[in-house]
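Colleague: So that you can map any letter, position 369 of the sequence shown is 421 in this note's numbering, and since no number is skipped, the others follow by simple counting. Even for Gly, the Cβ is constructed at its ideal location relative to N, Cα and C. From a predicted model like this one, the values you see are computed outputs, not experimental measurements.
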Amino acid sequence: MVKQILTGWLVIAAMVSGLDAQNTKTLWLDELDVSNATAGWGRTRANKSVDGNVLTVNSQTFERGIGTHAEGQFTIRLDGSAAVFTAMVGVDDEIAQSPNGRHYASVTFLVIGDGKELFNSGAMKAQTSAKPVSVKLDGIKLFRLIASDSGDGIDYDHADWAMAKIEYNGSRPEAIEPIKPKPYILTPKPGPEPRITGPAVFGARPGNPFLFTVTATGERPMTFEARGLPKGLALDSQTGHITGTVEKTGKYQTTVAAKNSRGRAERSFTIVIGDTICLTPPMGWNSWNCWGCAVDDAKVRATARAMADTELIHHGWSYINIDDCWMRKRGSNDPVTGDPVRDKDGRILCNDKFPDMNALTDYIHGLGLKAGIYIGPGPTTCQNYEASWQHELLDAQQFAEWGFDYLKYDWCGYSSVSGNQTLEDLQRPYILMRQMLDQVGRDIVYSVCQYGWGEVWKWGGQIGGNCWRTTGDITDSWSSMAGIGFQQADLYSYAHPGHWNDPDMLVVGKVGWGPNLHDSHLTPDEQYTHISLWCLLSAPLLIGCPIEQMDEFTLNLLTNDEVLEVNQDPSGRQARCVKKDSTAQVWVKTMEDGSQAVGFFNLNGFEAAAISVNWQTLGLEPASRWRVRDLWRQKDLETAQGTFSTPQVPPHGVLLVRLFPHK
Ligand code: GAL
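#1: Report yes if the C-beta distance between Asn-553 and Tyr-458 is below 7 Å; otherwise report no.
#2: In the DSSP output, which residue or residues are listed as bridge partners for Cys-402?
#3: What does a CB cutoff of less than 7 Å around Arg-116 pick up in its chain, not counting 5 residues either side in sequence?
#4: Helix, strand or coil: which one does DSSP assign to Ser-173?
#5: Ends of the alpha helix (DSSP H) at Pro-481?
#6: Closer than 6 Å to a non-hydrogen atom of the ligand GAL - does that hold for the CB of Gln-473?
#7: Locate the beta strand (DSSP E) running through Pro-151, then write down its first and last residues.
#8: Using 6 Å as the cut-off, classify the Cβ of Trp-343 as near or not near the heavy atoms of the ligand GAL, replying yes or no.
#9: Take the Cβ of Thr-355 as the centre, count every other Cβ of all protein chains shown within 10 Å, and call the residue buried at 16 or more, exposed below.
#10: Which of the three DSSP states, helix, strand or coil, is assigned to Glu-659?
#11: Take Ala-227 as the anchor and find which of Arg-196, Gly-292, Arg-257 and Pro-242 has the nearest alpha-carbon.
#12: Taking Tyr-544 and Val-706 to be in contact with their CB atoms under 8 Å, please state how far apart those CB atoms are, rounded to whole angstroms.
#13: Under 6 Å Cβ to Cβ from Arg-382, same chain only, skipping five residues before and after it: list those, please.
#14: From this set, Ile-164, Arg-353 and Gln-479, which residue's C-alpha is nearest Lys-422's C-alpha?
#15: For Pro-184, which three-state DSSP category applies?
#16: Please confirm if the segment 307 to 317 is in contact with the segment 257 to 270, defined as three or more CB-CB distances below 8 Å between the two stretches.
#17: Arg-679 and His-714 - do their beta-carbons sit closer together than 7 Å?
#18: With 16 as the cutoff for other CB atoms within 10 Å, does Asn-410 come out buried or exposed?
#19: Quick test of the definition: if touching needs 3 or more C-beta pairs under 8 Å, does the segment 597 to 616 touch the segment 559 to 571?
#20: Pick helix, strand or coil for Thr-698, following the three-state DSSP scheme.
#21: Less than 6 Å between the CB of Gln-435 and some heavy atom of the ligand GAL, yes or no?
#22: Using C-beta distances below 6 Å, list every residue in its chain close to Ser-623, excluding the 5 sequence neighbours before and after it, in chain order.
#23: Going by DSSP in three states, Ala-199 sits in which element: helix, strand or coil?
#24: Considering only the beta carbon of each residue, do Ser-339 and Asp-375 sit closer than 7 Å?
#25: Apart from the five residues just before and just after Cys-587, which ones in its own chain have a Cβ nearer than 6 Å to its Cβ?
#26: Quick one: is Glu-444 buried, meaning 16 or more other Cβ sit within 10 Å of its Cβ, or exposed?
#27: Could you give the residue range of the alpha helix (DSSP H) that holds Thr-611?
#28: Ala-692 to Arg-628, Cα distance in whole Å?
#29: Could you tell me the alpha carbon to alpha carbon distance between Gly-646 and Ile-365, rounded to whole angstroms?
#30: Given the structure, does Asp-525 come close to the ligand GAL, in the sense that its CB is under 6 Å from one of the ligand's heavy atoms?
#31: Are the beta-carbon atoms belonging to Gly-14 and Leu-569 less than 7 Å from one another?
#32: Between Cys-519 and the ligand GAL, is there a pair consisting of the residue's CB and a ligand heavy atom that are separated by less than 6 Å?
#33: Return the chain-ordered ranges of every alpha helix (DSSP H) run that is complete within the segment 339 to 370 and spans a minimum of 4 residues.
#34: Assess contact between the segment 131 to 148 and the segment 200 to 210, defined as three or more Cβ pairs (one per stretch) separated by less than 8 Å. Is contact present?
#35: Report the partner residues of Ala-452 according to the DSSP bridge assignment.
#36: Between Trp-441 and the ligand GAL, is there a pair consisting of the residue's CB and a ligand heavy atom that are separated by less than 6 Å?
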């Protein structure tokens with residue numbers, strides 16, 4: 053009897069386990085919808101490398117799997133009853149065809165289950181054997197595969213998840229779009245009492261029209277005052293606009309004040325009349341990262357209006373810059389007669405989208421803002437529109453006549469006439485336009501754009517550039533933004549008042565480079581990092597989203613006066629990177645008043661981290677005591693002596709502080 057019961061149980065147990073084994077199914081990841089997977093370059097493919105070749109790691113070929121590129125993520129929803137994930141991971145051989153590729157590629161493969169790291173391959177180089185992965189998935193619901201760049205940029209990071217499969221029992225795993233972290237606001241709104249914002253120093257050339265707006269936050273109505281203005285200038289007490297002309301060079305120490313029913317604030321303001329303008333990095337907007345060639349008069353006006361309405365203007369934002377595509381294209385309108393791109397006197401013509409440039413700049417100036425324009429030294433611009441080749445003086449004169457205050461001069465089409473690219477070739481067109489701008493009797497910020505060629509930071513200032521692009525174009529990905537931003541470390545000695553390294557425009561808010569916009573792909577923490585880093589770098593801050601469509605998060609991000617003060621500091625120093633490893637960096641900028649702006653950056657995209665630094669690394673007296681102020685939250689944290697350790701900094705996030713001497 054007992055024997056019979058036992059046998060019965062054994063039979064049932066065998067049936068159950070047999071059932072289990074029968075029910076366990078295999079899902080190859082290439083069977084999922086891989087269009088949900090992100091890739092830092094190219095696109096993720098099923099059963100092929102990112103370039104479309106047979107998956108191959110160190111000469112071993114794999115018939116199935118997924119080919120992607122760092123930074124790449126693949127998110128899969130499980131029902132908690134999946135058993136195991138297995139794969140062979142490595143850098144695809146296709147990059148080894150290029151000697152650089154072999155050298156630069158390094159991918160870290162991470163497997164994350166419900167926020168916990170289940171597997172970490174370490175940095176894998178090209179032509180190393182594929183590593184086996186085998187992780188248990190018991191109870192896991194959200195499963196992520198990450199191909200990360202190992203913290204050294206994404207170049208050549210072709211990443212293979214070969215033979216990747218999940219054994220599961222319940223419902224079929226499902227590929228989903230990466231989960232987007234929610235925006236969160238850190239900065240309190242400005243108070244009702246007046247607080248003066250914007251630069252504390254401003255430069256203009258003698259005899260040229262002067263335009264500066266004193267800006268302040270606080271309740272309206274507000275009136276403005278100024279004491280000690282040089283001869284030739286007057287302030288409009290209602291608008292805060294200071295206009296006129298100063299003939300005599302010199303440094304004028306003035307005081308500006310703002311008053312409302314809640315009180316009065318005043319601040320010293322230095323006016324420097326001389327050869328150098330743009331004494332603090334320009335702050336404004338540029339049409340390119342949002343509208344690309346879809347820019348038109350109405351869009352520019354809408355943004356300018358919104359710059360005033362959203363009160364961005366009260367925080368010192370001032371330039372409204374039109375990028376490429378405002379001119380005409382040769383032959384585009386009238387192929388028979390040849391579309392005139394210039395009038396009979398050679399003066400450049402706008403296309404239909406810009407019917408009246410003078411009216412547009414009047415509108416911008418009327419709001420207390422400044423206007424910027426774009427062209428290049430070649431026969432055509434990057435987008436093949438008419439450019440300044442052999443019309444440099446006429447164009448400079450036209451820009452001045454139209455009332456522009458900023459010119460971005462972009463190399464692109466010049467390659468067709470430059471001959472070689474010796475240092476002299478690289479400098480020639482920029483020197484020429486500088487000479488032309490010097491003849492037009494207007495202060496025009498001169499932005500040199502040639503992507504950093506010939507180490508432009510070494511000579512961009514000498515040839516009269518106010519800022520110079522140091523890299524290629526930015527896009528709204530972590531690898532692009534962080535790659536460019538953190539690469540600026542060695543250039544700190546080249547930034548000075550009037551001369552700035554330009555790591556390209558901001559990619560926050562809605563971007564798109566054309567008529568269709570999308571929310572920036574940077575996470576909220578990556579956006580805090582972006583603005584913090586650009587401020588520490590003393591970089592030009594040019595917003596690249598339509599301001600009239602700005603959400604509350606983005607507006608908050610761009611209106612923190614304590615953060616913007618780091619950018620606008622009159623010393624004009626660029627922060628130095630003083631501590632660096634593969635997961636964290638610490639940057640410090642000594643401010644004019646001796647305080648220290650310090651950025652603690654967490655380069656790890658998946659885990660929060662505490663980052664610490666000692667005074668020696670920051671270049672401070674070891675025994676000195678400092679008040680540590682969190683600039684994004686506008687809140688004092690503690691007083692620290694000898695060393696400071698941050699609270700947990702979120703993945704790809706930042707803690708930006710300012711250290712003030714503790715009395
Ligand atoms: C690129 C430049 C961009 C944008 C674009 C317009 O060369 O780097 O910032 O101006 O041209 O075509």
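Modeller: The relevant details are as follows:
#1: no
#2: Met-379
#3: Trp-80, Asp-82, Asn-99 and Met-215
#4: Reduced to three states, the DSSP call for Ser-173 is strand.
#5: 475 to 489
#6: Not one heavy atom of the ligand GAL falls within 6 Å of the beta-carbon of Gln-473.
#7: It is not in any beta strand (DSSP E) - Pro-151 instead sits in the alpha helix (DSSP H) that spans 151 to 156.
#8: No.
#9: buried
#10: In the three-state reduction of the DSSP assignment, Glu-659 falls in the coil class, being assigned neither a helical nor a strand state.
#11: Arg-196
#12: Not really, about 18 Å apart at Cβ, beyond 8 Å.
#13: Val-393
#14: Arg-353
#15: If DSSP states are grouped into helix, strand and coil, Pro-184 belongs with the strands.
#16: yes
#17: yes
#18: Around the CB of Asn-410, fewer than 16 other CB atoms lie within 10 Å, so the residue is classed as exposed.
#19: yes
#20: coil
#21: yes
#22: Short of 6 Å from the beta carbon of Ser-623, and not among the five residues preceding or following it, lie these beta carbons of its own chain, in chain order: Glu-644.
#23: Strand at Ala-199.
#24: yes
#25: Val-615, Val-618 and Asn-619
#26: buried
#27: Here Thr-611 belongs to no alpha helix (DSSP H), and DSSP marks it neither H nor E.
#28: 21 Å
#29: Rounded to whole angstroms, Gly-646 and Ile-365 show a C-alpha spacing of 28 Å.
#30: yes
#31: Missing from the structure shown is residue 14; the chain here goes from 53 to 715 and no further.
#32: no
#33: Fully enclosed alpha helix (DSSP H) runs of 4 or longer: 340 to 343 and 349 to 361.
#34: Yes: at least three Cβ pairs fall under 8 Å.
#35: Residue pairing of Ala-452 in beta bridges, as defined by DSSP: absent, with no partner found.
#36: No, Cβ of Trp-441 sits at least 6 Å from all heavy atoms of the ligand GAL.
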